[in-house]
Amino acid sequence: MFEGKQLEEVKAGQERYQAAVDKSLARSPERKARFTTTGGIPLERLYTPEDVECLDYAKDIGFPGEYPYTRGVQPTMYRGRLWTMRQYAGFATAEASNERYRYLLSQGTTGLSVAFDLPTQIGFDSDHAMAQGEVGKVGVAIDSLADMEVLFGGIPLDKVSTSMTINAPAAVLLAMYIAVAEKNGVASDALTGTIQNDILKEYIARGTYIFPPKPSMRLITDIFDFCSASVPKWNTISISGYHIREAGSTAIQEVAFTLADGIAYVEAAIAKGQDPNIFGKRLSFFFNAHNDFIEEVSKFRAARKLWGRIMKERFGVTDKSAQMLRFHTQTAGSTLTAQQPENNIVRVAIQTMAAVMGGTQSLHTNSLDEALALPTDKSVRIALRTQQIVGFESGVANTVDPFAGSYAVESLTKQIEDGAWEYIKKIDDLGGMVSAIERGYPQQQIQDAAYEFQRSVESGDQIVVGVNKFQVEEDDSARQLLRVDPSVGEGQVAKLRKMKEGRDNVRVKATLDDIRAAAEGSGNLMPKILDAVRVYATEGEICGVLREVFGEYKENVVL
Amino acid sequence: MAEKKIRVVVAKPGLDGHDRGAKVIARAFRDAGMEVIYTGLRQTPEQIVETAIQEDADAIGLSVLSGAHEHYFKAIVALLNEKDASDIVVFGGGVIPEADIPTLLSVGAGAIFGPGTPTTDCIEWLKNAVAEKRG
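If you want it as structure tokens, here you go:
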């Protein structure tokens, strides 16, 4: 990015600077023998124009809204509209969660994000043996359309966008959402929102899989196809690095494994004859915002640039919006400490800044008490206020991509891009992501990084404030935590039983038979699932039929 | 005669998919010279107890981040008692509120390690607990 004479001056300056550094080091050494990012990328003492010599502004950085999108996906970014402040929430019953959503909307949140309990995420009804003890614990329990009607009661689905963290049974929950909207007079083509629908990272890092890879990929591509025609504004997948990072990966691995998952989905849809210029527009991504500010800002920029390149060069995509990596961000749960939890507010604020400087489209900020339990109303409000302070007071949203041109950030952006590219090539060599997962490759890489990080914390090399340094004696006994009423499970089971008595069980059986026939064949499953949820077939019944036809995934345990 | 190595089952009960902690502690136990059996995800209490008995384990470490800890600790301790295997030490960790720890200890957990615990603390505790049990 710099011309010959300028670079010569920089080189001369480097010599003077090095002499000064040597003198300084002779007097006192630096804090560490070696500085790296949290993800282990070596950090130079100083970045100068020499470090960005290899970059071509037009080719590598460019303008916001233009290929390769390094500087963002929209021309005006947050000057037009701030990111969507979307708080992930859900617990206990549909009634309790509905109340929390209305509270969040009244406090200025601009999109909903539904957390489902584990039985719902794994396709078990609340009365299943595997659901015991888990109903309503980490999210809301949804068994049928009846619960979904309560969950979204009084919320205008044509105005609010909704993100649903649902993967293996995403088709069922999306169908329920469409059916609730229908009942409220909202057509499916007016719906906006996202389903996570990213099964590959469930095998890698998150664990809520049901079916083996092949039928899972079919369900996903069925959803792509169905939504292209019927729910055109819906984000059909949120390809997620968040959980990969939470499981302990480095920043480079987060980018690499997420984009490699993305490649697998694009390839699967193309193999079904779908056009990446069309379905590509509805692919969205989800990343983690960790503590290492400079590394994180660079990571988001690198991910955007890489995906643009993959879509354009690898898949020949010409539609600009199908080349763009649009992403949601959540601050890093794994960085929150149970010790002195108020300190987490500061961590979240730093992570929020990184996500915003990285150009996120939407953001969830974690609450200070999440290393202890689900968050209280008050702690959720503080988390939301953190976003609002960054958005409305800090000024960082008032100019686009302010870190562009920083020698350090541009240099790290390039390093993360190159590092991720190496991993993607390696995964290609292994036969693609599905095959890499079956061999345990990404799982092993992530575990090694997680173990390495734990060791660096225990050796004191990595300081975690309040945990391995600056500890205090604490008395937590008076702390207010959110507690899920233990009777939620029983209540939900009773509700389910009553609903089953009141519905037309003959029609339920007929629609379930249709699903079985479609699953055994190759037609699109979405219309059949929609028919079943409309007559109140339960999630567990639908997934039960699919389990019988598709079988279940067995984890490849890697240690 | 060399002392018999400690055998520990590290288990993920129920539907919770957060296995970072379980895998990190399993590796730390292994690096500390123990024999570690890691169950993988989605284990029922019956499966966990069965594994522990079959593997002749000294201890079961449960990792729960889903809020369902009370249910699983109770179920597993009850099954161990039922199968005459109550000499197997049960302990655990995860996202568990401080206020719930006394309940878990009272139903038979030997120790609960919260977020931020150094693995060395768990190793030391487990060595002592097994030594005590073996007499």
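The listed protein sequences correspond, in order, to chains A and B.
The letter at position 140 of the first sequence is residue 147 when you use the working numbering, and the numbering goes up by one with no holes.
The letter at position 118 of the second sequence is residue 322 when you use the working numbering, and the numbering goes up by one with no holes.
Backbone N, C-alpha and C define an ideal beta-carbon position, used for all residues, glycine too.
If you count every other CB in all the chains shown that lies within 10 Å of the CB of I300 (chain B), and 16 or more means buried, which is it?
Along the second sequence, one-based indexing puts residue 300 (chain B) at 96. Sixteen is the threshold: when 16 or more other Cβ atoms of the shown chains lie within 10 Å of the Cβ of I300 (chain B), as they do, the residue is buried.
Member of A:D538, A:L566 and A:V564 whose CA lies at the smallest distance from the CA of A178 (chain A)
By 1-based counting over the first sequence, the position of residue 178 (chain A) is 171. Comparing alpha carbon positions, the residue from A:D538, A:L566 and A:V564 closest to A178 (chain A) is A:D538.
Does P126 (chain A) get closer than 8 Å to chain B when you measure Cβ to Cβ?
Position 119 of the first sequence, counted from the start, is the residue given in the question as residue 126 (chain A). Yes, P126 (chain A) lies at the interface with chain B (some Cβ there is under 8 Å from its Cβ).
A567 (chain A), buried or exposed, once every other Cβ within 10 Å from all chains shown has been counted against 16
Residue coverage of chain A in this structure runs from 8 to 566, which leaves residue 567 (chain A) outside it and unanswerable.
Apart from the five residues on each side of it in sequence, which residues of its chain come closer than 6 Å, Cβ to Cβ, to L381 (chain A)?
Here residue 381 (chain A) refers to the residue found at position 374 when the first sequence is read from its first residue. Counting only Cβ-Cβ distances below 6 Å, and skipping sequence neighbours, we find F98 and L489.
Residue of A:G439, A:T342, A:V441 and A:E417 minimising C-alpha distance to F460 (chain A):
Locating residue 460 (chain A) in the first sequence gives position 453, counting from the first residue. Answer by Cα proximity: A:T342.
Spell out the partners DSSP gives K476 (chain A) in its beta bridges.
Taking the first residue of the first sequence as 1, we reach residue 476 (chain A) at position 469. According to DSSP, which records beta bridges pairwise, K476 (chain A) is partnered with A:V472.
Bounding residues of the alpha helix (DSSP H) (the contiguous stretch that carries M155 (chain A)):
The residue you call residue 155 (chain A) lines up with position 148 of the first sequence. Segment L152 to L158, the alpha helix (DSSP H) holding M155 (chain A).
Exposed or buried, what is Q454 (chain A) when buried is set at 16 or more other beta-carbons lying within 10 Å of its beta-carbon?
Indexing the first sequence from 1 puts residue 454 (chain A) at position 447. Buried is the call here.
Checking contacts by CB at 8 Å: is T215 (chain A) closer than that to chain B?
Here residue 215 (chain A) refers to the residue found at position 208 of the first sequence. Interface with chain B (8 Å Cβ-Cβ cutoff): T215 (chain A) is included.
What is the residue span of the alpha helix (DSSP H) that A258 (chain A) lies within?
If you number the first sequence from 1, residue 258 (chain A) lands on position 251. Where A258 (chain A) is concerned, the enclosing alpha helix (DSSP H) starts and stops at A258 to A278.
For L283 (chain B), which three-state DSSP category applies?
The residue you call residue 283 (chain B) lines up with position 79 of the second sequence. Helix, per DSSP.
Reducing DSSP to helix, strand and coil, say where Y216 (chain A) ends up.
Reading the first sequence from its first residue, position 209 is the one you call residue 216 (chain A). Under the three-state reduction of DSSP output, Y216 (chain A) falls in the coil class, being neither helix nor strand.
DSSP on P49 (chain A), reduced to helix/strand/coil?
Position 42 of the first sequence, counted from the start, is the residue given in the question as residue 49 (chain A). Of the three classes helix, strand and coil, the one that applies to P49 (chain A) here is strand, per DSSP.
Buried or exposed: S494 (chain A), going by 16 or more other Cβ atoms within 10 Å of its Cβ?
Mapped onto the first sequence, residue 494 (chain A) falls at position 487. It counts as exposed.
Relative to chain B, which residues along the region 144-165 of chain A have a C-beta separation below 7 Å, given in chain order?
The residues in question are K144 and V145.
Among A:S328, A:L391, A:V324 and A:K327, which one has its Cα closest to the Cα of A356 (chain A)?
For the purposes of this step, residue 356 (chain A) is taken as the residue at position 349 of the first sequence. The shortest C-alpha to C-alpha distance from A356 (chain A) to any of A:S328, A:L391, A:V324 and A:K327 is the one to A:L391.
If I follow the unbroken beta strand (DSSP E) through H371 (chain A), where does it start and stop?
In the first sequence, counting from the first residue as 1, residue 371 (chain A) sits at position 364. Looking at the DSSP string, the run of the beta strand (DSSP E) that includes H371 (chain A) is S369 to H371.
Measuring alpha carbon to alpha carbon, tell me which of A:A236, A:E429, A:G426 and A:N242 ends up nearest S290 (chain A).
Taking the first residue of the first sequence as 1, we reach residue 290 (chain A) at position 283. In the sequence on display, residue 290 (chain A) carries Leu and not Ser. Nearest in C-alpha terms to L290 (chain A), of all of A:A236, A:E429, A:G426 and A:N242, is A:N242.
Is DSSP giving P75 (chain A) helix, strand or coil here?
Against the first sequence, residue 75 (chain A) aligns to sequence position 68. Three-state DSSP puts P75 (chain A) in coil, outside helix and strand.
Along chain B, in chain order, which residues have C-beta atoms closer than 7 Å to that of Y458 (chain A)?
Taking the first sequence and counting its residues from 1, the one referred to as residue 458 (chain A) is at position 451. Near Y458 (chain A) (Cβ distances below 7 Å), the residues of chain B are V228 and R231.
Could you give the DSSP three-state label for V363 (chain A): helix, strand or coil?
Counting from 1 along the first sequence, the entry for residue 363 (chain A) is found at position 356. Correct three-state label for V363 (chain A): helix.
Please list, in chain order, the residues of the region 299-318 of chain B that have any C-beta partner in chain A closer than 8 Å.
Those residues of the region 299-318 of chain B that come within reach of chain A (Cβ to Cβ, closer than 8 Å) are V299, P301, E302, A303 and G318.
Continuous beta strand (DSSP E) assignments of at least 3 residues falling wholly in the region 124-196 of chain A
Within the region 124-196 of chain A, the complete beta strand (DSSP E) runs of at least 3 residues fall at 168-172.
Under a three-way DSSP split, which group does V565 (chain A) fall into?
Along the first sequence, read from residue 1 onward, the residue named residue 565 (chain A) stands at position 558. V565 (chain A): coil per DSSP, three-state reduction.
How should E481 (chain A) be labelled, buried or exposed, when 16 other C-beta atoms within 10 angstroms of its C-beta is the threshold for buried?
Numbered from its first residue, the first sequence carries residue 481 (chain A) at position 474. With fewer than 16 Cβ atoms within 10 Å of its Cβ, E481 (chain A) is classed as exposed.
Output the boundary residues of the beta strand (DSSP E) element that contains T338 (chain A).
Numbered from its first residue, the first sequence carries residue 338 (chain A) at position 331. It spans F334 to T338 - the beta strand (DSSP E) in which T338 (chain A) sits, taken as one unbroken run.
Flag G498 (chain A) as yes if its beta-carbon sits less than 8 Å from any beta-carbon of chain B, otherwise no.
Here the question's residue 498 (chain A) lines up with position 491 in the first sequence. Chain B places no beta carbon closer than 8 Å to that of G498 (chain A), leaving this residue out of the contacts.
Within 10 angstroms of its Cβ, does Q478 (chain A) collect 16 or more other Cβ (buried), or is it exposed?
Taking the first residue of the first sequence as 1, we reach residue 478 (chain A) at position 471. Exposed, because fewer than 16 other Cβ atoms sit within 10 Å of the Cβ of Q478 (chain A).
Indicate whether at least one CB of chain B lies closer than 8 Å to the CB of T117 (chain A).
Residue 117 (chain A) sits at position 110 when you count from the first residue of the first sequence. False, the Cβ-Cβ gap to chain B never drops below 8 Å.
Beta-carbon gap between Q394 (chain A) and T420 (chain A) smaller than 8 Å:
For the purposes of this step, residue 394 (chain A) is taken as the residue at position 387 of the first sequence. For the purposes of this step, residue 420 (chain A) is taken as the residue at position 413 of the first sequence. At least 8 Å separates the beta-carbon of Q394 (chain A) from that of T420 (chain A).
Bounding residues of the beta strand (DSSP E) (the contiguous stretch that carries S267 (chain B))
Looking up residue 267 (chain B) in the second sequence gives position 63. Looking at the DSSP string, the run of the beta strand (DSSP E) that includes S267 (chain B) is A263 to V268.
Evaluate the contact criterion for the region 252-268 of chain B versus the region 209-221 of chain B: three or more CB pairs, one atom per stretch, below 8 Å.
Touching, yes.
Listing by chain order, which chain B residues have their CB less than 8 Å from the CB of A380 (chain A)?
Residue 380 (chain A) sits at position 373 when you count from the first residue of the first sequence. What A380 (chain A) touches in chain B: G271, V299 and P301.
Start-to-end residues for the alpha helix (DSSP H) that takes in E239 (chain B):
For the purposes of this step, residue 239 (chain B) is identified with residue 35 of the second sequence, where counting begins at 1. E239 (chain B) -> not in any alpha helix (DSSP H); beta strand (DSSP E) instead, spanning E239 to Y242.
Along the alpha helix (DSSP H) that carries E28 (chain A), what are the first and last residues, could you check?
Taking the first residue of the first sequence as position 1, residue 28 (chain A) is located at position 21. Note on residue identity: the sequence assigns Val, not Glu, to residue 28 (chain A). In this chain, the alpha helix (DSSP H) harbouring V28 (chain A) covers G11 to R34.
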